[in-house]
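Peer 1:
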Amino acid sequence: MATYRTDGLGALGDPTRRAVFELVATGPKAVGELARELPISRPAVSQHLKVLKEAGLVIDDAVGTRRLYRVDPSGVAALRAYLDLVWDRALAAYAAAVENTPEEPS
Amino acid sequence: MSVVKTVTVKAGQQHAFKVFTAGFATWWPSSHHIGKADMAEAILEQREGGRWYERGVDGSECDWGSVLVYDPPNRVVVSWHLNGEWAYDPDPARASEVEVRFIAEGPDVTRVELEHRHFERHGDNWEAVATGVNGDGGWAGILRGYAEVAGA
Chain V
5 MATYRTDGLG ALGDPTRRAV FELVATGPKA VGELARELPI SRPAVSQHLK
55 VLKEAGLVID DAVGTRRLYR VDPSGVAALR AYLDLVWDRA LAAYAAAVEN
105 TPEEPS
Chain U
290 MSVVKTVTVK AGQQHAFKVF TAGFATWWPS SHHIGKADMA EAILEQREGG
340 RWYERGVDGS ECDWGSVLVY DPPNRVVVSW HLNGEWAYDP DPARASEVEV
390 RFIAEGPDVT RVELEHRHFE RHGDNWEAVA TGVNGDGGWA GILRGYAEVA
440 GA
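Chain order of the listed sequences is V and U. Start counting at 1 in the first sequence, then tack on 4, and there's your number in my numbering. Start counting at 1 in the second sequence, then tack on 289, and there's your number in my numbering.
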């Protein structure tokens with residue numbers, strides 16, 4: 005019997021969104037550049053960027069007529085998302101161990 | 290900033306506490322470690338001021354932090370000295386903290402609440418990692434770890 009909070013797993017849980025984020029992490033990119041390198045449409049890229057931005061993972065700047073996305077340098081949201089999953093996994097293993105380890109008579 | 294998790298286990302409070310602390314090595318995922326060598330086991334010493342560390346397959350030891358509170362069977366708090374390169378950072382001002390509370394809901398049911406807090410304290414180093422996008426210490430390494438966890 006184990007129950008977990010599944011909310012807040014983080015914007016990086018989606019593999020396509022993670023791919024968008026990884027590309028942005030290689031340097032500032034415009035939506036068009038991302039769409040060219042990924043098998044998804046520009047509107048889909050924009051949608052993923054919106055979620056990443058709301059999650060505090062990326063920020064955007066206007067550079068001339070272009071809007072460039074880059075990784076939020078504070079990175080704390082990414083660390084949080086990462087730790088969130090680390091603990092989910094660790095606690096699942098812990099719950100299994102509790103129930104599989106014989107209880108000593110006290 | 291914190292991550293809060295709750296898990297309910299089918300065991301008494303004493304047992305739930307014991308498996309978490311004395312049995313730490315039996316359940317902690319061996320892929321999550323910071324030492325250079327592959328991890329043989331992770332150890333949480335059962336006393337206040339004790340060490341929380343890993344032992345590598347080559348016998349080397351790598352500290353994770355200290356046991357700040359050891360209050361069986363109710364509560365354990367450890368510091369986590371993780372820096373931006375996922376290595377041990379001795380500066381206590383940059384350590385985060387993990388508090389685990391064991392709450393008896395019945396003779397054989399225990400609610401375990403875990404709070405990993407203050408990890409924004411890893412701050413400066415973490416920022417260096419976020420901007421250093423090349424190499425294992427940067428985003429590539431973090432994302433690989435993340436993908437492994439997410440896919441598990």
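Note that CB positions come from ideal geometry on N, CA and C, so glycine has one too.
According to DSSP, is residue 50/V helix, strand or coil?
Peer 2: In the first sequence, the residue the question calls residue 50/V occupies position 46. Residue 50/V falls in the helix class under three-state DSSP.
Peer 1: Ordered along the chain, which non-local residues of its own chain (more than five positions away) have a Cβ less than 6 Å from that of residue 292/U?
Peer 2: As a working note, residue 292/U is residue 3 in the second sequence. Same-chain partners within the cutoff: 405.
Peer 1: If I'm right that residue 333/U touches residue 296/U with Cβ under 8 Å, what's the distance once you round it to whole angstroms?
Peer 2: Within the second sequence, numbered from 1, the residue matching residue 333/U stands at position 44. Within the second sequence, numbered from 1, the residue matching residue 296/U stands at position 7. Contact doesn't hold; Cβ gap of about 17 Å is too wide.
Peer 1: Which one or two residues does DSSP pair with residue 395/U in a beta bridge?
Peer 2: Within the second sequence, numbered from 1, the residue matching residue 395/U stands at position 106. Bridge partners of residue 395/U: 398/U.
Peer 1: Along the alpha helix (DSSP H) that carries residue 36/V, what are the first and last residues, could you check?
Peer 2: By one-based count along the first sequence, residue 36/V stands at place 32. Its alpha helix (DSSP H) spans residues 35-41.
Peer 1: To the nearest angstrom, how far is the alpha carbon of residue 50/V from that of residue 26/V?
Peer 2: Along the first sequence, read from residue 1 onward, the residue named residue 50/V stands at position 46. Along the first sequence, read from residue 1 onward, the residue named residue 26/V stands at position 22. Those two C-alpha atoms are separated by around 15 Å.
Peer 1: Identify whether residue 57/V lies in helix, strand or coil by the three-state DSSP scheme.
Peer 2: If you number the first sequence from 1, residue 57/V lands on position 53. In this structure, residue 57/V counts as helix in the three-state DSSP scheme.
Peer 1: With a 10 Å radius around its C-beta and 16 neighbouring C-beta atoms as the bar for buried, classify residue 88/V as buried or exposed.
Peer 2: Residue numbering aside, residue 88/V sits at position 84 when the first sequence is read from its first letter. It counts as buried.
Peer 1: Could you list which residues in chain U have their beta carbon closer than 8 Å to that of residue 27/V, in chain order?
Peer 2: For the purposes of this step, residue 27/V is taken as residue 23 along the first sequence, with counting starting at 1. Near residue 27/V there are no residues of chain U at all, since even the closest Cβ is about 11 Å away, more than 8 Å.
Peer 1: Report yes if the C-beta distance between residue 330/U and residue 344/U is below 8 Å; otherwise report no.
Peer 2: As a first step, residue 330/U is located in the second sequence; it is residue number 41 there, counting from the start. As a first step, residue 344/U is located in the second sequence; it is residue number 55 there, counting from the start. Going by C-beta atoms, residue 330/U is nearer than 8 Å to residue 344/U.
Peer 1: Could you give the distance in angstroms between the alpha-carbon of residue 299/U and the alpha-carbon of residue 398/U?
Peer 2: Taking the first residue of the second sequence as 1, we reach residue 299/U at position 10. Taking the first residue of the second sequence as 1, we reach residue 398/U at position 109. Taking the straight line joining both Cα atoms gives about 5 Å.
Peer 1: With DSSP as the reference, please indicate the residues paired to residue 295/U in a beta bridge.
Peer 2: Position 6 of the second sequence, counting from 1, holds the residue named residue 295/U. Paired residues: 402/U.
Peer 1: Just the chain V side, please: which residues come within less than 8 Å of residue 315/U by C-beta, in chain order?
Peer 2: Here residue 315/U is taken as the residue at index 26 of the second sequence, counted from 1. Ordered by position in chain V, the residues that pass the 8 Å Cβ test against residue 315/U are 101, 105.
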